[in-house]
Amino acid sequence: MIVIIDSNCLSASISKKSPYRWLFDALRNREFEFGITTDILAEYEEHLQSYFNINLAHNVTEGLLNSQNAILVTPTYFWNLIEADQDDNKFVDCAVACQADYIITFDHHFDILKKIPFPRISPITPKEFFAILYQQ
Numbered sequence: 000m001i002v003i004i005d006s007n008c009l010s011a012s013i014s015k016k017s018p019y020r021w022l023f024d025a026l027r028n029r030e031f032e033f034g035i036t037t038d039i040l041a042e043y044e045e046h047l048q049s050y051f052n053i054n055l056a057h058n059v060t061e062g063l064l065n066s067q068n069a070i071l072v073t074p075t076y077f078w079n080l081i082e083a084d085q086d087d088n089k090f091v092d093c094a095v096a097c098q099a100d101y102i103i104t105f106d107h108h109f110d111i112l113k114k115i116p117f118p119r120i121s122p123i124t125p126k127e128f129f130a131i132l133y134q135q
């Protein structure tokens, strides 16, 4: 299974006290593959720096880049499917490029993808992904 993780979901999963910590642990334990681009990594690092310190942000993004379950892609087509927040399109383009099964997000801007028949991209919440990953 291949997923794309939105920045907010990644940052919410870092703290050991977070109810979403299972997502970061599952990522590190290689329970699924995840797609990334250089733009997504840059956003991750910037986003994590706003919640944590610079060293942690850098270490997390370096760890993700070097992870055996990471799929680093360079999209060659830009779909521009999300008009409400153009910056979110980097996650959509990555999902298409690596043929991801899901985009894990809290962001409702991604809901428009449920209405678009092609390319088929499924945005889901961390709670929904937990149910899929652990068959609950």
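Residue 127 in numbering that gives the first Met the number 0 sits at position 128 of the sequence shown, with consecutive numbering throughout.
Glycine included, each C-beta is placed from N, C-alpha and C at the ideal position.
Since this is a predicted model, take the numbers as computed values, not measurements.
If you follow the beta strand (DSSP E) that residue i is in, where does it begin and where does it stop?
{"i": "F33", "result": "E32 to I35"}
{"i": "I131", "result": "From DSSP, I131 is part of no beta strand (DSSP E) but of the alpha helix (DSSP H) over P125 to L132."}
Roughly how many whole angstroms lie between the Cα atoms of residue i and residue j?
{"i": "Q85", "j": "N52", "result": "27 Å"}
{"i": "P18", "j": "T124", "result": "13 Å"}
{"i": "N68", "j": "K15", "result": "21 Å"}
{"i": "Y50", "j": "H107", "result": "21 Å"}
{"i": "S12", "j": "N28", "result": "14 Å"}
{"i": "Y43", "j": "I120", "result": "21 Å"}
{"i": "S31", "j": "M0", "result": "Correcting the residue type first, residue 31 is Phe in the shown sequence and not Ser. Rounded to the nearest angstrom, the two C-alpha atoms are 5 Å apart."}
{"i": "I35", "j": "P118", "result": "18 Å"}
{"i": "D87", "j": "I4", "result": "11 Å"}
{"i": "V91", "j": "A25", "result": "22 Å"}
{"i": "V83", "j": "S66", "result": "Looking at the sequence itself, residue 83 is Ala, so the reference to Val does not match. Taking the straight line joining both Cα atoms gives about 32 Å."}
{"i": "L47", "j": "K89", "result": "17 Å"}
{"i": "F33", "j": "F105", "result": "17 Å"}
Residue i: buried (16+ other C-beta within 10 angstroms of its C-beta) or exposed?
{"i": "T75", "result": "exposed"}
{"i": "L112", "result": "buried"}
{"i": "A94", "result": "buried"}
{"i": "A99", "result": "buried"}
{"i": "I39", "result": "buried"}
{"i": "P122", "result": "buried"}
{"i": "A96", "result": "buried"}
{"i": "Y101", "result": "buried"}
{"i": "F23", "result": "buried"}
{"i": "F77", "result": "exposed"}
Using beta-carbon positions only, say whether residue i and residue j come within less than 9 Å of one another.
{"i": "I103", "j": "V2", "result": "yes"}
{"i": "L64", "j": "L55", "result": "no"}
For the alpha helix (DSSP H) containing residue i, name the first residue and the last one.
{"i": "L9", "result": "S6 to I13"}
Exercise. So does the region 112-132 actually touch the region 53-62, counting three or more Cβ pairs closer than 8 Å?
Worked result: no
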